[in-house]
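Peer 1:
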């Protein structure tokens, strides 16, 4: 039962993440990346198999939990957190520099011309 | 001693990155000196290690003295040594150019990010552990995000956002692949996985196969192969010039991972005794390489400014190398790898140099930048035009420069392949297309100069003695290419030895895991046995 629930959760998180990443605005894309990283972190965690009342300490119980996926997940969480922070800042910078939050940022010809004049040519 | 020197290649950049974060803004001259000195040491150490034959047998460094499957190992062999040498070479070119043209002052922390990038690159080339490879990928990517956005510019920000998102998706896929491999095979060490692959439980075989394909998908995103190269032209063409030049080594990280994992993990192996792995990936590489090369050649034609052209030339070289790596299954696998490595050295150094040359054109043609259109003549047009000519010849693969020899070696290895006809057709046709595109670009840039009120066309501007800082860094790659032509005989012999070392993966396995699989209780049937809640 737990297995089924977790698999569904990972699938829904990743699926929703993929859907959001394919959106045209930067904010949904960032949200999508976050959901995908949640999905993959849960997936990594379950790769150590699911057990209850089994600490990741050898000798404490007969079948200790595999500690390695927990270490991996910790690393992955930290990296994903840093990356999310970075991509949010970048999305804000793009919003400010491009004048809109479209991922291609080039969809208003008028705004484009104004911004082109502000910027040195071809740099 | 050797082990210490190898560790230095990873530890020096990270230490310098930390120091440079503190000195960067306040002491610009000291930062420049430290950065250049650091890269010079990397160059000297990696060259010294290769020349003294330290990589002739794989050197294993066990971090914290934990033996292979339990601790993380770094492995230094000829292939990783060659990659480290190329990284340091390209880094030195890009760095000196940046300093000569003051491009390192366009934003904060250029030097710290530069060393962090080298830390990630060197670590990725040395590690023998898949999760550690993921971590070093993240290090080099995070540094590359910062470097890509160095300086300002609207188009750079847009291209940067695309680059970051694509690579974050790649990282997520990497984690899925690594997690699935660990869950089924029970290890993350490359050599350990290799030894355990044949014992995978039958019901886990599809999952392991999927994980391996996912892993290679990630490598090909980084390596910019069709259909996953669309992020590259925008990112490279809009990065600042020295950064774009340094990024010439970035696609090679993906290709290196493909070569390393394919040659160690998949040659003469099987997944659970059911799926033969030797031909699992290689045919895909061959076909993807053919498509990549052809489309990249069309991109070179379509590009409207030189930096974009160089970006597509990089993709073309990725395609060529993938074709060679795809030949591994044939009788001439070793010869193909040897040729691919020669081409690899050529393309890394020369595409970096070509970017630097494109930077000179960009900054000294105020009217048109590096756009492929006629404009008043630029200062030193004869020198820059000659350099462009030489780069065009080398990159398009015409004699007498290195691109020609690299392609000849790869084509010679392809003679026995059943796919000889399409390989020859695509490599030769794409070469022709690139020659046409580069000839057109060169004549637009340097022959069809426009007359302006100040000075007539085809005449050098009055200020012919205007300084052209950084031009030496655009000349040096050509000198290296010349040396690679003159020394082609010994060099290709050495590379053939390297290819033999890559092909004989037993040497790698013996070095990392001298006692074979240590914990048999951990390996076979783990997936099947754990269905009911988990025990082993």
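Residue numbers (the numbering used here), protein chains in the order written: chain A, 261 to 383; chain B, 132 to 667. Glycine included, every Cβ here is placed at the ideal spot set by N, Cα and C. Owing to the predicted nature of the structure, the values given are computational and were not obtained by experimental measurement.
#1: Check the Cβ of residue 300 of chain B against every Cβ in chain A and list those closer than 8 Å, keeping chain order.
#2: Rounding to the nearest angstrom, what Cα-Cα distance links residue 473 of chain B and residue 361 of chain A in this structure?
#3: Using beta carbons (cut-off 8 Å, strictly below), is residue 292 of chain B in contact with chain A?
#4: So that I know if they touch, is there some Cβ in chain B lying closer than 8 Å to that of residue 365 of chain A?
#5: Whose Cβ in chain B lies nearer than 8 Å to the Cβ of residue 350 of chain A?
#6: Residue range of the beta strand (DSSP E) that residue 285 of chain A falls in?
#7: Please list, in chain order, the residues of the stretch 230-248 of chain B that have any C-beta partner in chain A closer than 9 Å.
#8: Is residue 506 of chain B near residue 496 of chain B, with beta carbons less than 8 Å apart?
#9: With a Cβ-Cβ cutoff of 8 Å, do residue 348 of chain B and residue 335 of chain B count as a contact?
#10: In chain B, which residues lie with their C-beta within 7 Å of the C-beta of residue 327 of chain A?
#11: To the nearest whole angstrom, what separates the beta carbons of residue 199 of chain B and residue 643 of chain B, a pair I think is in contact under 8 Å?
#12: Helix, strand or coil for residue 547 of chain B? Go by DSSP, reduced to three states.
#13: Give the interface partners of residue 304 of chain A over in chain B, defined as CB-CB distance under 7 Å, in chain order.
#14: Got a sec? Which residues, its chain only, sit under 6 Å from residue 269 of chain A by beta carbon, not counting five neighbours each side?
#15: Ends of the alpha helix (DSSP H) at residue 266 of chain B?
#16: Classify residue 659 of chain B as helix, strand or coil using the three-state DSSP reduction.
#17: Just verifying my parser: in three-state terms, what is the DSSP assignment at residue 446 of chain B?
#18: If contact is defined by three or more beta carbon pairs under 8 Å, each pair taking one atom from either stretch, is the stretch 299-318 of chain A in contact with the stretch 235-243 of chain B?
#19: Comparing C-alpha positions only, which one of B:154, B:181, B:396 sits nearest to residue 322 of chain B?
#20: Under 9 Å between beta-carbons, which chain E residues line up against residue 321 of chain A? List them in chain order, please.
#21: Considering only the beta carbon of each residue, do residue 417 of chain B and residue 454 of chain B sit closer than 8 Å?
#22: Less than 7 Å between the CB of residue 347 of chain A and some heavy atom of the ligand FAD, yes or no?
#23: Residues in its own chain within less than 6 Å of residue 666 of chain B by CB, not counting five upstream and five downstream?
#24: By the 10 Å Cβ neighbour count, where 16 or more other Cβ atoms means buried, how is residue 197 of chain B classified, buried or exposed?
#25: Compare the C-beta of residue 347 of chain A against all C-beta atoms of chain B and say whether one is closer than 8 Å.
#26: Tell me the rounded alpha-carbon separation between residue 276 of chain A and residue 262 of chain B.
#27: When you compare each of A:337, A:323, A:287, A:274 to residue 349 of chain A by their alpha carbons, which one comes out closest?
#28: Reducing DSSP to helix, strand and coil, say where residue 322 of chain A ends up.
#29: Go to residue 357 of chain B, then tell me how far its beta strand (DSSP E) extends in each direction, as first and last residue.
#30: Which residues share a DSSP beta bridge with residue 197 of chain B?
#31: So within the stretch 146-227 of chain B, which uninterrupted alpha helix (DSSP H) runs reach at least 4 residues, ignoring any that extend past its ends?
#32: Quick one: measure Cβ to Cβ for residue 162 of chain B and residue 212 of chain B, integer angstroms, because I've assumed they're closer than 8 Å.
#33: Are the CB atoms of residue 299 of chain B and residue 249 of chain B within a distance shorter than 8 Å?
#34: Mind pulling the chain B residues with CB within less than 9 Å of residue 268 of chain A?
#35: Using the three-state DSSP reduction, which class does residue 258 of chain B fall into: helix, strand or coil?
#36: Using DSSP bridges, identify the partner residues of residue 320 of chain B.
Peer 2: Looking at the coordinates:
#1: Locating residue 300 of chain B in the second chain gives position 169, where the first residue counts as 1. Per Cβ cutoff of 8 Å: 281, 293, 296.
#2: Position 342 of the second chain holds residue 473 of chain B. Position 101 of the first chain holds residue 361 of chain A. Taking the straight line from one Cα to the other gives about 44 Å.
#3: Working through the second chain from its first residue, we reach residue 292 of chain B at position 161. By this cut-off, residue 292 of chain B is an interface position.
#4: One-based indexing of the first chain puts residue 365 of chain A at position 105. Yes, contact with chain B.
#5: Translated into positions along the first chain, residue 350 of chain A becomes position 90. Within chain B, the residues near residue 350 of chain A are 276, 280, 288, 291, 292, 295.
#6: In the first chain, counting from the first residue as 1, residue 285 of chain A sits at position 25. Looking at the DSSP string, residue 285 of chain A is not in any beta strand (DSSP E), and its letter there is neither H nor E.
#7: none
#8: Taking the second chain and counting its residues from 1, the one referred to as residue 506 of chain B is at position 375. Taking the second chain and counting its residues from 1, the one referred to as residue 496 of chain B is at position 365. Yes, the pair counts as a contact, with Cβ atoms nearer than the cut-off.
#9: In the second chain, the residue the question calls residue 348 of chain B occupies position 217. In the second chain, the residue the question calls residue 335 of chain B occupies position 204. Their beta carbons are not under 8 Å apart, which means residue 348 of chain B does not touch residue 335 of chain B by this criterion.
#10: In the first chain, the residue the question calls residue 327 of chain A occupies position 67. Going along chain B, no residue has its Cβ under 7 Å from residue 327 of chain A, so there is no contact; the nearest lies around 12 Å.
#11: Translated into positions along the second chain, residue 199 of chain B becomes position 68. Translated into positions along the second chain, residue 643 of chain B becomes position 512. Confirmed, about 5 Å.
#12: Here residue 547 of chain B refers to the residue found at position 416 of the second chain. Residue state, collapsed to three classes: coil.
#13: Here residue 304 of chain A is taken as the residue at index 44 of the first chain, counted from 1. Ordered by position in chain B, the residues that pass the 7 Å Cβ test against residue 304 of chain A are 306, 310.
#14: For the purposes of this step, residue 269 of chain A is taken as the residue at position 9 of the first chain. Counting only Cβ-Cβ distances below 6 Å, and skipping sequence neighbours, we find nothing.
#15: Position 135 of the second chain holds residue 266 of chain B. Where residue 266 of chain B is concerned, the enclosing alpha helix (DSSP H) stretches over 261-279.
#16: In the second chain, residue 659 of chain B corresponds to position 528, counting from 1. With a pLDDT of 39 at residue 659 of chain B, under the threshold of 50, the modelled position of that residue is not reliable, and no figure is offered here.
#17: On the second chain, position 315 is the one that residue 446 of chain B refers to. Reduced to three states, the DSSP call for residue 446 of chain B is helix.
#18: no
#19: Against the second chain, residue 322 of chain B aligns to sequence position 191. Considering only alpha carbons, the answer is B:396.
#20: Looking for chain E here will not work: the only protein chains present are A and B.
#21: Position 286 of the second chain holds residue 417 of chain B. Position 323 of the second chain holds residue 454 of chain B. Yes, they are a contact pair.
#22: Looking at this structure, you won't find the ligand FAD or any other ligand, since it has none at all.
#23: Within the second chain, residue 666 of chain B is the residue found at index 535, counting from 1. Annotation note: pLDDT 38 at residue 666 of chain B (below 50); position unreliable, coordinate value reported separately. Within the same chain, residue 666 of chain B has no close Cβ partners at all.
#24: Residue 197 of chain B sits at position 66 when you count from the first residue of the second chain. Exposed: under 16 other Cβ atoms inside 10 Å.
#25: Against the first chain, residue 347 of chain A aligns to sequence position 87. Yes, contact with chain B.
#26: As a first step, residue 276 of chain A must be located in the first chain, where it is residue number 16. As a first step, residue 262 of chain B must be located in the second chain, where it is residue number 131. If you take the alpha carbons of residue 276 of chain A and residue 262 of chain B, they lie about 26 Å apart.
#27: Residue numbering aside, residue 349 of chain A sits at position 89 when the first chain is read from its first letter. Selected option, being the one with the closest Cα: A:287.
#28: Against the first chain, residue 322 of chain A aligns to sequence position 62. In this structure, residue 322 of chain A counts as coil in the three-state DSSP scheme.
#29: Sequence index remark: in the second chain, residue 357 of chain B carries index 226 (1-based). Premise fails: residue 357 of chain B is in no beta strand (DSSP E) and is neither H nor E.
#30: The count along the second chain starts at 1 and reaches residue 197 of chain B at position 66. None; residue 197 of chain B has no bridge partner.
#31: 159-182
#32: Counting from one through the second chain, the residue named residue 162 of chain B turns up at place 31. Counting from one through the second chain, the residue named residue 212 of chain B turns up at place 81. The pair is not a contact, with the Cβ atoms about 28 Å apart (cut-off 8 Å).
#33: In the second chain, counting from the first residue as 1, residue 249 of chain B sits at position 118. In the second chain, counting from the first residue as 1, residue 299 of chain B sits at position 168. No; because the gap between Cβ atoms is not below 8 Å, this pair is not in contact.
#34: Numbered from 1 along the first chain, position 8 holds the residue referred to as residue 268 of chain A. In chain order: nothing, as chain B lies at least about 17 Å away.
#35: Within the second chain, the letter at position 127 stands for residue 258 of chain B. It is a strand residue.
#36: Locating residue 320 of chain B in the second chain gives position 189, where the first residue counts as 1. DSSP, once it has assigned bridges, lists B:260 as partnering residue 320 of chain B.
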